[in-house]
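Single-structure report; data block below.
There are 2 protein chains.
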Amino acid sequence: MSEKALVYLKNNREQLLNKLSNFLEIPSVSTDRAHKEDIHHAADFIVTYLHDIGFDFAEKQATSGHPLVYGEYNRAGSNAPTVLFYGHYDVQPADPLELWDSHPFRPEVRDGRLYARGASDDKGQVFMHLAVFEAYLKAEGKLPLNVKVCIEGEEEIGSENLYEVLHSKKEQFAADFAVISDSGMVAKNQPTILYGLKGFTGIEINVTGPDHDLHSGMYGGAIRNPLMALSHILASMKNEEEVITVEGFYDGVEPLAEEEKKLIDQVPGESYSEATGVNETASEKGYTAKEHTMGRPTFEVNGMYGGYQGEGTKTIIPSTATAKITCRLVPGQDPVKIQQLLEEHVMNVAPAGVTVDVKKEKLSAKAYKVEPNHPLITKAATAYTKAFNKETVFVRMGGSIPVVEWIEAIYQMPIVLLGFGTPDDRLHSPNESFPIDSFDKGMETLIYYWNEVGNQ
Amino acid sequence: MSEKALVYLKNNREQLLNKLSNFLEIPSVSTDRAHKEDIHHAADFIVTYLHDIGFDFAEKQATSGHPLVYGEYNRAGSNAPTVLFYGHYDVQPADPLELWDSHPFRPEVRDGRLYARGASDDKGQVFMHLAVFEAYLKAEGKLPLNVKVCIEGEEEIGSENLYEVLHSKKEQFAADFAVISDSGMVAKNQPTILYGLKGFTGIEINVTGPDHDLHSGMYGGAIRNPLMALSHILASMKNEEEVITVEGFYDGVEPLAEEEKKLIDQVPGESYSEATGVNETASEKGYTAKEHTMGRPTFEVNGMYGGYQGEGTKTIIPSTATAKITCRLVPGQDPVKIQQLLEEHVMNVAPAGVTVDVKKEKLSAKAYKVEPNHPLITKAATAYTKAFNKETVFVRMGGSIPVVEWIEAIYQMPIVLLGFGTPDDRLHSPNESFPIDSFDKGMETLIYYWNEVGNQ
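See the structure below:
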C-alpha cells in the first residue's frame with residue numbers, strides 16, 4: 001500500500017500548501033502574552049484538522065499555560081504498533097520586523113521557498129505530518145499504524161507545562177515509540193537522522209548601579225558603571241579562544257572520541273560563511289567549528305542592554321545593565337548544576353559598587369544520545385533515502401528538545417527524530433523559510449516510513 | 001539701584017513661575033528629529049520674551065541645524081560694559097518615560113521642587129536670566145550694562161553649529177566678558193564658581209558578526225558572538241581599579257597637585273550614596289571619588305545593546321552589538337588625539353570572526369581652567385554670598401561645555417560660570433527637577449552681579 005497516499009499528495013498539493021499558509025498566518029507567539037488568542041486559534045486549527053480527516057479523537061487540553069492538542073487514531077488494529085507524534089504549534093517572536101522582506105505572518109513563496117515565521121520551526125513540519133495522515137485516510141481509508149498526536153504550544157518558552165502533562169497522563173500518551181519532527185538536515189536534500197541532542201540551561205544577569213541614570217560629568221569617576229561591570233563579568237566567563245572559563249563547567253564531559261570526530265568530519269557540512277556571512281569561524285581551542293557545534297558545550301550571550309540606545313549621544317552612567325545567557329550542554333553535564341556554577345562565578349567576580357543579581361531560567365534539559373542502529377532508526381534512514389534518493393547521515397546536533405529528555409525519562413520508549421529543515425531556514429530569525437521541495441520529499445518520507453513500521 | 005528689580009521679582013513671582021512652566025512645556029529635544037517643530041517653538045518663545053521686555057533687538061538665527069536666538073540691549077551707554085550671555089534652550093531626551101513620576105513636559109511642583117525635563121539643564125537657568133532682564137527693564141527702566149544674548153538649540157547634541165556661528169559673526173557677538181549659567185552648585189544653597197571644566201570626546205563601537213541572528217543550537221560553537229566580543233573589547237579599555245588601560249590615554253596629564261587635592265577635599269561634598277543610591281563609590285586607584293570626578297579623566301559606557309531584549313528567552317547568536325562611549329578630559333589631553341587612541345586600541349584588540357567599526361562622535365571639547373581671582377570672578381562670588389548668605393567655593397567639575405572652549409579660543413574674553421543647579425537635579429535623567437528657592441536666590445544673585453559689574 002501507500003501508493004494511493006502518494007498520488008493523493010501530488011493531486012492535492014495546491015490545496016495543502018494553501019492550508020499550510022492558513023496555519024502559518026496565525027501569529028502563535030508563545031513568549032508574548034499579547035498573542036494568547038492566536039495561540040488558541042492555532043490549537044483549534046489542528047483539532048479541527050484531525051476531526052475533518054477522521055481521527056477517532058481530538059481535543060484541546062488546557063494546561064497552566066498554553067493549551068496542548070491531543071488526538072488519537074485507533075483503527076489500525078491491536079497488533080499494529082502505536083506511535084506518539086510530538087510537535088509544537090507555537091513560534092518564536094518575529095522581531096525585528098523591519099528585517100523581514102515579507103510579513104512574517106503573511107506567507108509568501110519566493111524562489112522555491114515558503115517565507116513565514118514557523119515555516120520550518122515547527123508549524124511547517126507539524127503540518128507535513130497532518131497532511132500525510134490526511135493522505136492515508138482519504139486515499140487508503142486507513143493508517144498503517146495507530147497514532148497518538150501531542151502538539152504543544154510552549155516549546156519556544158521551554159515547554160513549561162509539558163513535563164507535567166506527560167507525567168500525569170502517562171496512560172493516555174503511552175505508545176510503542178515516539179516520532180518528532182522539530183529538527184533539520186545538515187544540508188538541503190541530505191537525509192539526516194539525529195542520534196544526539198544537546199542539553200540546555202540559561203541565566204539572566206542584572207547589574208544595578210545608581211538608582212537613576214547619572215550625568216557622566218557630575219558622577220563619572222565616583223560611580224561604578226553597570227555596563228562596564230557587566231562587560232568584565234562576561235569577559236571572565238569565556239575567553240577569546242572560545243574556552244568557557246567558569247570553574248567546573250567542563251566537569252564530567254568526555255573529550256570527543258577520535259572516531260566521533262571522524263564521523264562528524266564525514267558529515268557533509270554547509271559553508272558557514274555562505275549561511276552566516278562571517279569570513280572566519282570561531283570555535284573552542286582544539287576543536288573544529290563542526291566538532292564544537294555538534295559535540296562540545298557552548299556559552300552564548302543572547303541579548304544585552306543598558307543605558308541609552310537612541311540617536312546621537314546621551315552622556316550618562318546608566319542605572320542598570322542586563323545580559324541574557326544560554327548554554328548548550330553535552331552528556332555528563334547537569335543543567336541545574338551548570339546554572340549553579342554560572343551563578344557562583346558571577347557572584348565571585350561581581351565588583352564593589354554595583355548590585356549583581358542572577359535569575360535562573362526555568363528552561364532546562366539534559367543532553368540526549370540514542371543508538372543509531374535501532375531498527376526504528378534504520379527504517380527511518382531507508383525511508384529518507386528512498387524519498388530523497390540519497391544516503392542518510394547520522395549526526396549529533398547543538399539544538400535542544402526538552403521533550404526528548406522527558407519522553408525517554410517517563411516512557412523509556414525509542415525516539416525517532418525525523419527532521420526536514422535546512423541550514424538556510426533562518427530559524428528564530430527574520431525571513432524564516434522552508435523549501436517547497438523539502439515539503440514534498442518530507443511528506444513522501446513519512447509515507448514510506450509509516451508504511452515500513454506499520455502493518456504491511 | 002537694583003532694589004526695585006528685587007521687589008519686582010517678589011511681586012511677580014507667581015506670573016514668572018507660570019511663564020517658566022510654559023517654556024518647559026515645549027519638548028525641545030535636540031537629538032530627535034521628531035521634535036524639530038518644538039525646537040522652533042522654544043526659540044520663538046525667547047525671541048518674543050526679549051521683544052516684550054524691551055530688548056533693542058531679538059531674532060532667531062538659522063544655522064545648518066537648530067536655530068540660535070540672538071538679542072541685544074544697548075541702552076546702558078557706551079561706557080558701560082557689555083556682557084555676552086550664553087545658554088541653551090534644547091534638552092536631553094526624556095526616555096525612559098515610565099520612570100518619571102510626572103510627565104517630563106508637564107511641569108509640576110512637589111516638595112519645593114519644579115519637576116520637568118530642562119528645569120535645571122538649561123531652560124530653567126536661561127529663564128532666570130530672562131526674568132532678571134525683565135525685572136530690571138520693567139522696574140528700573142534700564143539694565144546696568146549692555147547685553148548680548150546667545151541661546152542655542154544644539155548644546156545637548158554637541159553644539160554642532162555654534163562654533164561656526166561664533167567664528168563667522170565675531171563682530172556681532174563681541175563683548176567685554178561672557179556669562180554662562182549651565183552648571184551647578186556642589187551642594188544646595190552652596191554658592192559655587194567653576195574655575196575648571198573637563199574636555200570631552202566620544203566614540204561608538206559597532207561589532208558585526210553573522211548577517212542575521214543565528215539559532216544558538218545550530219551555530220553555537222562555530223560563530224564569534226558579537227556581544228561577547230564587545231564585552232572583551234570594553235573590558236580591555238578600563239580595568240576594575242577604574243584605571244583606563246588604553247595606551248597613551250594619560251599622556252600629558254599632570255598628576256593632581258597636593259594643594260589642589262586639598263582644595264577639592266575642602267569642597268563641601270554631597271553624599272554620593274544619598275544622591276545616587278550606591279553603597280560604595282568606585283574611583284581611579286590612588287584618587288578619591290571627588291578627586292577623580294573633578295580632576296581626573298574618565299571613560300564611561302553610556303549605552304550598550306545587541307540581541308534579544310524582550311520577555312523570556314530567545315536562543316540566538318545576535319548579528320550585531322553596539323556600545324556608546326564618552327570620555328571626560330583634563331588639561332593636557334587633546335580630544336581628537338584621544339579619539340584616535342581609543343580607535344587604535346579597539347582595532348588592535350578586535351577578535352577574528354567579527355567586523356568592528358568605530359564611529360567618532362563629532363562632539364568634542366578641550367578642558368578649560370580660569371584664574372579664580374579675576375575681578376569679574378570675585379564680584380560674582382560676592383553677589384552669590386550676598387544672595388545665599390554663604391561663602392562661595394571655587395571648584396573644578398567633570399562636566400564639559402564646548403562653548404567655553406570656543407569663546408575663549410575666538411574672543412579671548414573672560415568667562416564667568418554662574419551655576420545654580422543642585423546635585424539632586426537629576427540632569428539627563430528621569431525626574432529632572434530644580435529647587436524653587438534656588439530659582440529665587442539665583443535671580444537675586446544675578447541682580448546683585450549685574451549691579452556690581454555694571455554702571456553704578
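Sequence order for the protein chains is Z and B. Under UniProt numbering, the first residue of the first sequence carries the number 1, and numbering increases by one thereafter. Under UniProt numbering, the first residue of the second sequence carries the number 1, and numbering increases by one thereafter. We treat Cβ as the ideally placed atom computed from N, Cα and C, and that holds for glycine. All figures in this text were calculated on a predicted structure; none of them were measured in a lab.
Under 9 Å, Cβ to Cβ, is there at least one residue of chain Z near residue i?
i, result
"B/R117", "no"
"B/H167", "no"
"B/R296", "yes"
"B/I316", "yes"
"B/D111", "no"
"B/I415", "no"
"B/V301", "yes"
"B/E155", "no"
"B/A367", "no"
"B/Q92", "yes"
"B/S283", "yes"
"B/G99", "In the sequence on display, residue 99 of chain B carries Leu and not Gly. At least one chain Z Cβ lies under 9 Å of B/L99."
"B/N279", "yes"
From this set, the options, which residue's C-alpha is nearest residue i's C-alpha?
i, options, result
"Z/V416", "Z/V83, Z/C327, Z/G199, Z/D425", "Z/V83"
"Z/N225", "Z/I316, Z/A58, Z/K169, Z/S283", "Z/I316"
"B/F420", "B/V29, B/T192, B/Q15, B/S159", "B/T192"
"B/A321", "B/F299, B/D265, B/L230", "B/L230"
"B/S438", "B/D213, B/P331, B/K188", "B/K188"
"B/K366", "B/M347, B/I401, B/E344", "B/I401"
"B/H88", "B/A257, B/P435, B/G199, B/G124", "B/G124"
"Z/S2", "Z/I447, Z/V453, Z/G454", "Z/I447"
"Z/A323", "Z/T298, Z/V404, Z/R117, Z/V356", "Z/V356"
"Z/D101", "Z/N431, Z/G454, Z/M443, Z/Y449", "Z/N431"
"Z/P351", "B/A62, B/A235, B/Y8", "B/A235"
For residue i, which three-state DSSP category applies?
i, result
"B/T378", "helix"
"B/G303", "strand"
"B/H103", "coil"
"Z/F85", "strand"
"Z/H428", "coil"
"B/I157", "helix"
"residue 457 of chain Z", "A query on residue 457 of chain Z cannot be resolved here, the shown segment of chain Z reaching from 1 to 456 and no further."
"Z/D95", "coil"
"Z/N348", "helix"
"B/Q412", "coil"
"Z/R396", "strand"
"B/N11", "helix"
"B/N373", "coil"
"Z/I338", "helix"
Looking at chain B, is there any beta carbon in it that lies within less than 9 Å of the beta carbon of residue i?
i, result
"Z/F127", "no"
"Z/N455", "no"
"Z/I338", "no"
"Z/L234", "yes"
"Z/G24", "It should be pointed out that residue 24 of chain Z corresponds to Leu in this sequence rather than to Gly. Taking Cβ atoms only, chain B never reaches closer than 9 Å to Z/L24, which makes this a no."
"Z/S64", "no"
"Z/A222", "yes"
In chain D, what lies closer than 8 Å to residue i by C-beta?
i, result
"Z/D95", "Structure shown: chain D not included; protein chains present are Z and B."
In the DSSP assignment, what are the bridge partners of residue i?
i, result
"B/S433", "B/Y115"
"Z/T326", "Z/G202, Z/E300"
"Z/E152", "Z/H88"
"B/G310", "B/G310 is not bridged to any residue."
"Z/R33", "For Z/R33, which the question treats as bridged, DSSP gives no partner whatsoever."
"Z/I193", "Z/F394, Z/L418"
Would the stretch 90-110 of chain Z count as touching the stretch 48-61 of chain Z if we require 3 or more Cβ pairs under 8 Å? no
Does the stretch 300-311 of chain Z come close enough to the stretch 298-318 of chain B that 3 or more CB-CB pairs lie under 8 Å? yes
If you pair each beta-carbon of the stretch 17-24 of chain B with each one of the stretch 103-116 of chain B, do three or more pairs fall below 8 Å? yes
Check whether the stretch 67-83 of chain Z and the stretch 144-152 of chain Z touch, using three or more Cβ-Cβ pairs below 8 Å as the test. yes
Looking at C-beta atoms only, is the number of pairs between the stretch 202-212 of chain Z and the stretch 272-284 of chain B that lie closer than 8 Å three or more? yes
Could you say if the stretch 325-335 of chain B and the stretch 374-385 of chain B meet the contact criterion of at least three C-beta pairs nearer than 8 Å? no
The stretch 59-67 of chain B touching the stretch 35-47 of chain B, judged by at least three CB pairs closer than 8 Å: yes
Stretch pair the stretch 403-417 of chain Z + the stretch 164-173 of chain Z: three plus CB contacts closer than 8 Å: yes
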